[in-house]
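Numbering (the numbering used here), first residue to last: 380 to 480. Below is one structure, written out as structure tokens; comments come after it.
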């Protein structure tokens, strides 16, 4: 029953949303794939910070550039997200280092 409801949801998104709705579904599937890759890499023993930084940038690219194209607003949004990611990871890294001493 849940699969039927999922298919109905996908069909309605495609009908109502048109091309933008289908693009959103494809971006969602890509982000889910990247999340699965991140979980697999972290479970395999790859350090958490580099994996998270790299794959969060990839998710940001998929979400922003695939759905909106490359334009001035998208580039400024991407820059703002990158700055926020690096500020947060710097703060989290300092916090983790401080409390492990």
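Cβ atoms here follow ideal geometry from the backbone N, Cα and C, with glycine treated the same way. Computed from a prediction, not measured in an experiment: that's the story for all the values here.
Would you say residue 457 and residue 467 are within 8 Å of each other, going by their C-beta atoms? Taking the first residue of the chain shown as 1, we reach residue 457 at position 78. Taking the first residue of the chain shown as 1, we reach residue 467 at position 88. Their beta carbons are not under 8 Å apart, which means residue 457 does not touch residue 467 by this criterion.
For residue 449, count neighbouring C-beta atoms within 10 Å of its own C-beta (all shown protein chains included) and say buried if the count is 16 or more, exposed if not. For the purposes of this step, residue 449 is taken as the residue at position 70 of the chain shown. By the 10 Å Cβ count, residue 449 comes out exposed.
Boundaries of the alpha helix (DSSP H) in which residue 435 is found, first to last residue: Counting from one through the chain shown, the residue named residue 435 turns up at place 56. That run of the alpha helix (DSSP H) goes 427-440.
Can you tell me whether residue 450 is helix, strand or coil according to DSSP? One-based indexing of the chain shown puts residue 450 at position 71. Residue 450: coil per DSSP, three-state reduction.
Give the single residue among 439, 410 and 404 whose Cα lies nearest to the Cα of residue 386. The count along the chain shown starts at 1 and reaches residue 386 at position 7. Of 439, 410 and 404, the residue nearest in Cα terms is 404.
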